[in-house]
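Participant: Take any residue in the sequence shown, count from 1 to its spot, add 565: that is its number in the numbering used here.
Structure provided below as structure tokens; questions to follow.
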Amino acid sequence: MPILYVYPKRGAAFSVELAEAPVTIGRAADNVIPLSDPFCSGRHAVVRRGESGYVIEDSGSKNGTFLNGRRIEASEPLATGDEVRIGGIRILFDRPPAARVEMTDDAVGTTHVNTVVPLQDLLRRTGDGSSSADDYPDDREIATVIGEVSQALLLHRPLPELLEHIMGLIGAHVSMDRGVLMLREGRPPRLETKAVRVNNAALQSEKIQVSRSIVAMAFEEKLSVIITDASADPRFMARESIVQAGIRSALCVPLWDNKEVIGVLYADRLSLMRPFTGRDLRLLTLLANLAAVKIENSLLIEDSLKKEQMERELALAAKIQRDLLPKEIPACAQLDMAGRNDPCQQVGGDYYDFITIAPCRIGIALADVSGKGVSASLLMASLRAALHSELRPDYDLARMAAKLNDFVHKSTAISGFITFFFGELDTEAGTIHYINAGHPPPFILGGGAEVRLLSGTGLALGMLPHAAFDVGRAEISPGEMCVLYTDGITESRDASGEEFGPERLAAVGRGAAGSAAAAIDRVFEELKAFTGDRDPADDRTLVVVRRLA
566 MPILYVYPKR
576 GAAFSVELAE
586 APVTIGRAAD
596 NVIPLSDPFC
606 SGRHAVVRRG
616 ESGYVIEDSG
626 SKNGTFLNGR
636 RIEASEPLAT
646 GDEVRIGGIR
656 ILFDRPPAAR
666 VEMTDDAVGT
676 THVNTVVPLQ
686 DLLRRTGDGS
696 SSADDYPDDR
706 EIATVIGEVS
716 QALLLHRPLP
726 ELLEHIMGLI
736 GAHVSMDRGV
746 LMLREGRPPR
756 LETKAVRVNN
766 AALQSEKIQV
776 SRSIVAMAFE
786 EKLSVIITDA
796 SADPRFMARE
806 SIVQAGIRSA
816 LCVPLWDNKE
826 VIGVLYADRL
836 SLMRPFTGRD
846 LRLLTLLANL
856 AAVKIENSLL
866 IEDSLKKEQM
876 ERELALAAKI
886 QRDLLPKEIP
896 ACAQLDMAGR
906 NDPCQQVGGD
916 YYDFITIAPC
926 RIGIALADVS
936 GKGVSASLLM
946 ASLRAALHSE
956 LRPDYDLARM
966 AAKLNDFVHK
976 STAISGFITF
986 FFGELDTEAG
996 TIHYINAGHP
1006 PPFILGGGAE
1016 VRLLSGTGLA
1026 LGMLPHAAFD
1036 VGRAEISPGE
1046 MCVLYTDGIT
1056 ESRDASGEEF
1066 GPERLAAVGR
1076 GAAGSAAAAI
1086 DRVFEELKAF
1096 TGDRDPADDR
1106 TLVVVRRLA
């Protein structure tokens, strides 16, 4: 059952276990939790079981009930660690306040005894044929404890909940005043306190000073350490922290997951006169090994869940991106047009579009964002939105390119840019007016071996602010084909490192018979045959426009 931890302004703290029946709180003596506080009403509040857990309700008190610093107006759900304030009284739901842990290495000189055992010696002592349970009578009892704890740790829990659960199990089986669980985090790695257990209520608000010397031996040297008289231990004669804290006995053992040390478990006794024994050291070491394996498994499960969530989000992003590409080709009796985009990851930075500007005027866009993945796809979506907002029947091509350039320059890091091609086709005359902002030149396949390039008319978008762009002009005659592509196609390599190249692309395009879509399929078939089983290193996008005879 959950527990309410009550901390009056005066007097000793106490706890109340919750049950099915409502727990009333107030100044009247017949409350389940009677409180002596001038700001508390006779019937102040009640904690009861709700549909999905416990809730707290104010009973119409004069001075109010506060949950995590906010005055409640109606029934509010309670979560582990929530703090309720009634007058000057604190009530914590199902978790006592965590004691503050401090790593310290203040110096002073002392002398006496301690025990230091290599981790592997403790783990190998039974189970390898070198000894038996008869040699160590405590092993049977320890094996029973390990079995119980193993059963209690079977179910998966989120990591913070698991760590609290582990400390609760250790506190129930190791006679200690206080315990601390630390995990390795960051680069360079350092130990961070993750869970604290205080079994002695009188020490609940006391600071826990943990000696770096003990922790270093456990974490760095894989040693299980027991200090039977900390104030007179020669190994820690330069560590004042243990002496100042009045610790009569302390343990520190590695959290070893059978591969590496991922943290430490620390326990001490201040009020218990009996010092820790070798049995305590062995038990805590084995519990720490069991806990470390469970923690590592929990981290792997959480990583797997995060990966699955990321894959779902990427799949959704890929769908959204596909929806941004043209769903249908503008109908035009004079032109046969098609496009295809194959991102090398789930989402990519390539973009193509067919946009009807006015009758007999069709815009063709092709862009390649620097970089790959989600960030490139977001910038691509932004460029698409900016482009569509600029295209009106009376737009000016050069001015539009300049505005898109400034938009990209403001929206990206200093190394970010977009190669961009946009052409407006006059479907009646077969002419195309275009800007080419640093993009690989599209080409028109004319009669015979003729190849006409639509060369650059300005820098890639975002390279420099306030850039100007020229407007190019070309003509696509009946029967000719215009091929637009991103460098993910021409820079694809075979096993020897040779690039597919624009010349090979032109040759494949010239030899493709049939529709524009069929020409695209032929190019991708030849590209696959050229690269073999090699994964693409970049997004691949191809657009074909064929003027019908």
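Even for Gly, the Cβ is constructed at its ideal location relative to N, Cα and C.
Would you mind reading off the limits of the alpha helix (DSSP H) that contains Lys968?
Facilitator: It spans Leu962 to Ser976 - the alpha helix (DSSP H) in which Lys968 sits, taken as one unbroken run.
Participant: If I follow the unbroken beta strand (DSSP E) through Glu878, where does it start and stop?
Facilitator: Here Glu878 belongs to no beta strand (DSSP E); instead the alpha helix (DSSP H) covers Gly843 to Leu889.
Participant: So Phe982 packs on Gly1027, CB below 8 Å; how close in whole Å?
Facilitator: Going by Cβ atoms, the distance from Phe982 to Gly1027 rounds to 4 Å, so yes, they are a contact pair.
Participant: Could you compute how far the alpha carbon of Asp915 sits from the alpha carbon of Pro725?
Facilitator: The alpha-carbon atoms of Asp915 and Pro725 are separated by roughly 41 Å.
Participant: Could you spell out where the beta strand (DSSP E) holding Gly928 opens and where it closes?
Facilitator: Its beta strand (DSSP E) spans residues Arg926 to Val934.
Participant: Using the rule of at least 16 other Cβ atoms within 10 Å of the residue's Cβ for burial, across every protein chain shown, is Asn906 buried or exposed?
Facilitator: It counts as buried.
Participant: Decide if the stretch 960–968 is in contact with the stretch 876–885; the criterion is three or more beta carbon pairs, one per stretch, under 8 Å apart.
Facilitator: The stretch 960–968 is not in contact with the stretch 876–885.
Participant: Determine the contact status of Tyr570 and Leu684, defining contact as a CB-CB distance below 9 Å.
Facilitator: Not closer than 9 Å, so no.
Participant: Anyone know if the C-beta pair for Ile1085 and Leu1107 falls short of 9 Å?
Facilitator: Contact flag set, yes.
Participant: Pull up the DSSP beta-bridge partners for Val666, would you.
Facilitator: The partner list for Val666 (beta bridge, DSSP) reads Ile773.
Participant: Kindly indicate which three-state DSSP category Phe1089 falls into: helix, strand or coil?
Facilitator: In the structure shown, Phe1089 sits in a helix (DSSP, three-state: H, G or I).
Participant: Report the residue from Leu851, Asp742 and Asp1103 whose alpha carbon sits nearest the alpha carbon of Glu713.
Facilitator: Among Leu851, Asp742 and Asp1103, the Cα nearest to that of Glu713 is on Leu851.
Participant: Classify Pro799 as buried or exposed, calling it buried when 16 or more other Cβ atoms lie within 10 Å of its own Cβ.
Facilitator: In this predicted model, Pro799 has a pLDDT of only 49, less than 50, meaning its place in the structure is not dependable; the value taken from the coordinates is given anyway. Exposed, because fewer than 16 other Cβ atoms sit within 10 Å of the Cβ of Pro799.
Participant: Taking its Cβ as the centre, do 16 or more other Cβ atoms sit within 10 Å of Gly928, making it buried, or is it exposed?
Facilitator: Flag for Gly928 reads buried.
Participant: Check for me: the beta strand (DSSP E) holding Arg1179 runs from which residue to which?
Facilitator: Here the chain covers residues 566 to 1114 and nothing more, so residue 1179 does not appear.
Participant: Which residues does DSSP list as the beta-bridge partners of His998?
Facilitator: Beta-bridge pairing links His998 to Glu989 and Arg1038.
Participant: Is Thr680 helix, strand or coil by DSSP?
Facilitator: Residue state, collapsed to three classes: strand.
Participant: Relative to the C-alpha of His953, which residue among Val780, Val934, Glu1091 and Ile922 is closest?
Facilitator: Nearest C-alpha to His953: Ile922.
Participant: Should Cys1047 go down as buried or exposed, given a rule of 16 or more other Cβ atoms within 10 Å for buried?
Facilitator: Classification for Cys1047: buried.
Participant: On the DSSP bridge assignment, give the partners of Met732 in chain order.
Facilitator: For Met732, which the question treats as bridged, DSSP gives no partner whatsoever.
Participant: Going by Cα to Cα distance, which pick from Asp647, Glu616 and Ser617 is closest to Phe631?
Facilitator: Here the closest residue by C-alpha is Asp647.
Participant: Considering only residues of the same chain and omitting the five flanking positions on each side of Ala1032, which have a CB-CB separation below 7 Å?
Facilitator: Answer for Ala1032: Ala967, Asn970, Gly1023 and Leu1024, listed in chain order.
Participant: Between the Cα of Gly843 and those of Arg705, Asp1059 and Val790, spot the shortest distance and give me the residue it belongs to.
Facilitator: Among Arg705, Asp1059 and Val790, the Cα nearest to that of Gly843 is on Val790.
Participant: Would you tell me roughly how many angstroms separate the C-alpha atoms of Ile1041 and Ala1081, rounded to the nearest one?
Facilitator: The straight-line gap from Cα to Cα measures roughly 14 Å.
Participant: Could you have a look at Met1046 and say whether DSSP puts it in helix, strand or coil?
Facilitator: Correct three-state label for Met1046: strand.
Participant: Measuring CB to CB, does Gly591 end up less than 9 Å from Arg614?
Facilitator: It is not a contact, given that the beta carbons lie outside the stated cut-off.
Participant: Within 10 angstroms of the Cβ of Ala932, are there 16 or more other Cβ atoms? Answer buried if so, exposed if not.
Facilitator: Ala932 should be labelled buried.
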